[in-house]
Every structure is written in C-alpha cells, then in structure tokens.
Amino acid sequence: MWINYARTFIYNHSVLHVLLLVLLHTALVGGGKPGRQQFEEISAEHPIHLVIPLPEDDSFSFGKNPFYFSSHKVKPLADLALERVYNESILPNNSINLIYRDSKLSDAIGPNVAVEQLLLKEIDCIIGYAYGYALAPVARMSPYWKNGIPIITPIGLTMSLDDKKEYQLMTRINSPYKVVASAVGELFKNYQWKRHIFMFHHAKSPSVAVGECFLLMASLQHPLRKIIEMQHNFFTFNEESSANLTRAERHQQFVQYLQASSYMANG
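With mature numbering (1 follows the signal peptide of the UniProt record, and there is no 0) as the guide, the letters of the sequence shown map in order to residues -31 to -1, 1 to 236.
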C-alpha cells in the first residue's frame, strides 16, 4: 500500500500548483447574443467558483478511496494557494470561492454534488473526486455545462478513461496507467519476455466491482496480450485485515501461488 501513500503525497503537493494555475485563468461566462461569449473581470462580485468534491474521511473504504484522499488534506494547501494569489496581487482579494462538498465516496451523491452547484450557478472548475465511479459520469457531462466545466483530478488513471472525445475537459495530474503499460510492454520486447503471471490485491466487495489494482493489471494486460495470449494467468490475494488470515496462512497462500506460477511459466 506504500504506493498509495506516495501518490497521496504527490497529489497533495500538486494541488497547490494546480490551484495556482487555475486561479491564473480568467473566468469565462456566457452572455450577449446566442453563440457569443464574453469575459467578465474577476472580482469579489464575480468570483471564480472552484468546486472541490472530496470525502471528509480519508479511509480506504473497501477500495472506494484507493489513494486516501480527503478534504482535510487539501484545505491547508488550498489556503496556501489563495494566500499566494492574493499576496502577489494575481487576483483581487475575495475573488476566489473554494467550495468543498462531501462526495461521501458515492457514485450517486458525488455526481449530484456537481449538478447542485450547476443549478446554483456556482461552478467554474472541479478539482477532485476520490472515487472513480463518481468521477466518470461528471467528466462525460461537464463539456455540456455552461461553456464547459474543466475537471482536474488525481484519479481516473485507467485506460477506460483515456478517450478525449468522451472525457473532453478532464485533466489527470497523475500519469495514467497506459504510461505504465507502455513501459512494461517495452521491457517485454527488449528482454524478449513472453510468459507472465499477474498477482495483485483484490478484496471482493459488494459496493466496488473491481479495485484499483485490478484496473492497473487490466491496463497492463492490453499490450502484453499482443506478445502472447495467456488464459487464467492471474492470482489474487486480500491484504486487508478483513481477510482474517494469519501470518502463516498468508505465507502458505503465497507459496502456493508461486508454485503454480512456476508451473505456468514452464508450461
């Protein structure tokens, strides 16, 4: 799970820079004749509304929050960004409205948060989401809201969200899994590897169809399948305490997986 904490650390420090970049842009609003747009000066009367939909709790929540994001981790960084913007007179004081909404790691409440802000006419940009199933529908709809609502997110790294025609205004601040898949594919070609086994964490949950580890492995499978077609070449394990496995039982499980993997590699 160390990689999840590392990504959280990277994201938290990226938020400051992302906010600064967003705050440097002029808010675009519709107006005038149909088909035309006009710019309004950013001010306390016409602020930029940045909606930050994140859970208040940074728990793993059975895989819904794989990178442990939460609003209380982002707020201090957002405050630093605002302080810098105002101190350097990049924008007038009180011209930025940061709106924190609890997404509750729900694929129903999460998207509805954005819809509510749209109805209130208080949304110019979305920064956040921790749960991929809440992000996806919003990213599909946001180009058709107002003049288009950009989304900046640390998640949604799977290849299923790579289509820019479908997710036109979504920007991922972390490298998507297709980058990892491309690198692994080149390794296989360079060393002429062929047979491979996937071993990854997968906790079965009625609320989450597949976890982040599964999505990463699925992205890797795409280029590797072009090298050699292998069936049933994966083993899953549950590294959470809810698995109720003793240390000895977990050790024996890995021994069995490694033995089976060895047979498949030699087959």
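Every residue gets a Cβ at the ideal spot worked out from N, C-alpha and C, and that includes glycine.
Computed from a predicted structure; not experimentally measured.
Coil, strand or helix - residue i by DSSP
i	result
P192	helix
P3	The pLDDT assigned to P3 is 43, lower than 50, so where the model puts this residue is not dependable; a value taken from the coordinates is nonetheless given after this. Residue state, collapsed to three classes: coil.
M168	strand
H203	According to the sequence provided, residue 203 is Phe. The question's His does not apply to it. Reduced to three states, the DSSP call for F203 is strand.
I78	helix
E25	coil
E85	helix
E208	coil
E181	helix
P35	coil
Sequence-distant residues of the same chain with beta carbon closer than 7 angstroms to residue i, five excluded per side
i	result
A182	Before going on, a small fix: residue 182 reads as Cys here, not Ala. Here the set comprises F169, H170, H171.
R78	The residue you asked about is not Arg; residue 78 is Ile in the sequence shown. These residues qualify, in order along the chain: S72.
F167	M186, N202, F203
Y100	K33, N34, S72, L74, D76, G79
Bridge partners - residue i, DSSP secondary structure assignment
i	result
F157	Its beta-bridge partners do not exist; DSSP assigns none.
L67	L19
M139	I120
Terminal residues of the alpha helix (DSSP H) in which residue i lies
i	result
R53	40 to 56
Closest by C-alpha distance to residue i, when choosing among the options
i	options	result
residue 297	H220, K195, V20, Y226	Since the displayed the chain opens at -31 and closes at 236, residue 297 lies outside it and no answer follows.
D132	L184, L156, A105, A150	A105
I124	L60, N143, V43, Y113	N143
For residue i, the first and last residue of its enclosing beta strand (DSSP E)
i	result
Y98	No beta strand (DSSP E) holds Y98; DSSP gives it neither H nor E.
beta-carbon residue i near the ligand FMN non-hydrogen atom, thresh 7 angstroms
i	result
S30	Ligands displayed in this structure: none; no statement on the ligand FMN is therefore possible.
Own chain partners of residue i with C-beta closer than 6 angstroms, once the 5 adjacent residues on each side are dropped
i	result
Q91	In the sequence as presented, Gln is not what sits at residue 91; that position holds Glu. Cβ neighbours of E91 beyond the five flanking positions: H18.
N208	Looking at the sequence shown, residue 208 is not Asn but Glu. So the qualifying residues of the chain are H170.
M139	A108, I120
Q86	V20, I92
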